[in-house]
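What follows is a short report on a single structure.
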Amino acid sequence: MIAAIALVVGIVLGLVLRPTVPSWLEPYLPIAVVAALDAVFGGIRARLDGLFDAKVFVISFVSNVLVAALIVFLGDKLGVGAALSTAVVVVLGIRIFGNAAAIRRHIFRA
Amino acid sequence: MTSAPSQSSRELTTAYLTDLVTNTLDPGYAAAAARRRADPRSTWWDRWNRPAVAIGCLLIGFTVAVAWVHTNRGAPAAARVHADLVTRVRAAQKADSSLAATAGALAGEANRLRDAALPSDGAVRSQLDRDELLAGVTAVTGPGMVVRLADPPRTTPAAVGGRPGTTPLADTAVLTDRDVRAVVNELWHDGAEAISVNDVRLTPTTAIRFAGQAVLVDFRPVTSPYTIRAIGDRNALETAFVDSAISSRYQTLAGARGVAFSFSQADHLTLPTSAAVAPRYAQPTTSPSATPGPSR
Chain L
0 MIAAIALVVG
10 IVLGLVLRPT
20 VPSWLEPYLP
30 IAVVAALDAV
40 FGGIRARLDG
50 LFDAKVFVIS
60 FVSNVLVAAL
70 IVFLGDKLGV
80 GAALSTAVVV
90 VLGIRIFGNA
100 AAIRRHIFRA
Chain Y
0 MTSAPSQSSR
10 ELTTAYLTDL
20 VTNTLDPGYA
30 AAAARRRADP
40 RSTWWDRWNR
50 PAVAIGCLLI
60 GFTVAVAWVH
70 TNRGAPAAAR
80 VHADLVTRVR
90 AAQKADSSLA
100 ATAGALAGEA
110 NRLRDAALPS
120 DGAVRSQLDR
130 DELLAGVTAV
140 TGPGMVVRLA
150 DPPRTTPAAV
160 GGRPGTTPLA
170 DTAVLTDRDV
180 RAVVNELWHD
190 GAEAISVNDV
200 RLTPTTAIRF
210 AGQAVLVDFR
220 PVTSPYTIRA
230 IGDRNALETA
240 FVDSAISSRY
250 QTLAGARGVA
260 FSFSQADHLT
270 LPTSAAVAPR
280 YAQPTTSPSA
290 TPGPSR
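As given, the protein sequences belong to chains L and Y, one line each in that order.
For what it's worth, numbering that gives the first Met the number 0 labels the leading residue of the first sequence as 0, then goes sequentially.
For what it's worth, numbering that gives the first Met the number 0 labels the leading residue of the second sequence as 0, then goes sequentially.
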């Protein structure tokens, strides 16, 4: 409950403040979004599995964002930026999809 | 991220991809649950559970909203810049054409005043008319031939653009300044006396250049199709042109690349005038009245 409220508050804050994203941060934004979505779906699934742990949730989100950003940063510096961004999106996308399927099984029993 | 104790490091390396697809939940959750089962006592962390989740969710929501706003704000800004540039280009074009009209009107006025001042016949007058004709500062009419060159029609409607700032190969023009120049030079060679490209009259100082995607004739951009009009002895012009290597080259291109190429005689062509450019540095070596200089 508190998580949903905080999520809504965060979205409203983002929509109201409309912060300008500095250009050096721009390449990392899509990666951060995918990592954030992965954390949300993972958290919901863990909650439904009865395994939810706040510490794991927060630390996995923060570290996923940081590691994804580091991979993209390294890729940019080494000239394989687009490929490594794709790798991050593919891995996190698979996880999101799998977790969404698990949530679906929990909710619909199918 | 911590891996579950049940997973050996060998499994992680060999079957990582299978694991990635089948075991999508962060292994940290299972590990934490196992730890809690083994040791159910509350730890110092437990009182921070709710604030931590709240802050995490706040951050996630904020990130998603910022990304949304950022993505959707960029497009209108780009469209605004584009519209602004289009407005400026249109304004510059309008200013250019109005200046050209003013220049034409002033030149006409100057010609009228000069005609009034000069005797209507005589050596000076005929010399002036001839020089004006050669310099291309007076509109001319006469028989000749017309050569038409056009880029092949675009088959792909240029959907994806690759890296920003580049032009896909399919979008580049096949015909460039070289082609226009080749035809013009061939026509001069074949005896043309006055030439215009898309209603831009060629003068002794006219350059045919290429800038970006446009052919510049006398610094004015012209685009495909290119219509090159030449005044001269139309039969001699056409015969010489048909025989030329240029003509056969573009016939071949027309078959192979879809370039439109055609030419025809014309009984009556009218070529426009060009704005006179007064030489500022070039001085006659002798008095012009003493020696008329080599004529064409």
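Heads up, the beta-carbon is just placed ideally off N, CA and C, and yes, glycines get one too.
Remember, predicted model here, so these are calculated numbers, not experimental data.
Residue i versus residue j: straight-line alpha-carbon distance, rounded
i, j, result
"Ser261/Y", "Tyr280/Y", "41 Å"
"Ala289/Y", "Val173/Y", "For Ala289/Y, the predicted structure reports a pLDDT of 48, less than 50, and the residue's modelled location is therefore unreliable. A value from the coordinates is still provided. Rounded to the nearest angstrom, the two C-alpha atoms are 50 Å apart."
"Val55/L", "Asp83/Y", "50 Å"
"Ser247/Y", "Thr238/Y", "13 Å"
"Leu57/Y", "Arg17/L", "15 Å"
"Asp232/Y", "Phe240/Y", "12 Å"
"Gln250/Y", "Ser243/Y", "11 Å"
"Arg104/L", "Leu91/L", "20 Å"
"Arg44/L", "Pro21/L", "34 Å"
"Arg40/Y", "Ala51/Y", "20 Å"
"Asp120/Y", "Ser97/Y", "34 Å"
"Ala77/Y", "Val65/Y", "18 Å"
"Asp95/Y", "Val8/L", "55 Å"
"Ser263/Y", "Val183/Y", "15 Å"
"Ala138/Y", "Val196/Y", "14 Å"
"Phe60/L", "Arg46/L", "15 Å"
Cβ-based neighbour list, residue i, same chain, cut-off 7 Å, excluding 5 preceding and 5 following
i, result
"Ala99/L", "Phe40"
"Thr204/Y", "Val276"
"Ala101/L", "Arg44"
"Tyr27/L", "Ala68 and Val71"
Close beta carbons around residue i, own chain, < 6 Å, minus the five adjacent residues each side
i, result
"Thr269/Y", "Thr140"
"Leu252/Y", "Val258"
"His81/Y", "none"
"Val87/L", "Ile30, Ala67 and Ile70"
"Leu371/Y", "There is simply no residue 371/Y to check, as chain Y begins at 0 and stops at 295 in what is shown."
Contacts around residue i, its chain only, beta-carbon distance under 8 Å, and the 5 residues preceding and following it disregarded
i, result
"Ala213/Y", "Pro220, Val221 and Thr222"
"Ile95/L", "Val33, Leu36, Asp37 and Phe40"
"Arg256/Y", "Pro151 and Val173"
"Trp43/Y", "none"
Anticipated Cβ contact below 8 Å, residue i with residue j, distance rounded
i, j, result
"Arg147/Y", "Thr226/Y", "5 Å"
"Ile10/L", "Val63/Y", "7 Å"
"Leu236/Y", "Asp266/Y", "Actually they do not touch by this definition, with Cβ atoms about 13 Å apart."
"Leu186/Y", "Ala229/Y", "4 Å"
"Ser273/Y", "Gly135/Y", "5 Å"
"Val199/Y", "Val179/Y", "At roughly 10 Å, the Cβ-Cβ gap does not stay under 8 Å, so Val199/Y and Val179/Y are not in contact."
Buried/exposed call for residue i, threshold 16 Cβ in 10 Å
i, result
"Val71/L", "buried"
"Pro152/Y", "exposed"
"Ile106/L", "exposed"
"Phe218/Y", "exposed"
"Thr17/Y", "exposed"
"Pro26/Y", "buried"
"Ser84/L", "buried"
"Ala158/Y", "Only weak support is given to the placement of Ala158/Y: the predicted model assigns it a pLDDT of 49, under 50, and the value that follows is read from those uncertain coordinates. Ala158/Y should be labelled exposed."
"Leu6/L", "buried"
"Met0/Y", "Caution is warranted here: a pLDDT of 44 is assigned to Met0/Y, below 50, making its placement in the model unreliable, and the coordinate value is therefore given only provisionally. Exposed, because fewer than 16 other Cβ atoms sit within 10 Å of the Cβ of Met0/Y."
"Val85/Y", "exposed"
"Thr284/Y", "exposed"
"Val123/Y", "exposed"
"Gly143/Y", "buried"
"Ser125/Y", "exposed"
Residue of the options minimising C-alpha distance to residue i
i, options, result
"Ala29/Y", "Leu12/L, Phe51/L, Pro21/L and Gly74/L", "Phe51/L"
"Trp23/L", "Gly92/L, Arg44/L and Lys76/L", "Lys76/L"
"His69/Y", "Ile4/L, Val89/L, Phe60/L and Glu25/L", "Glu25/L"
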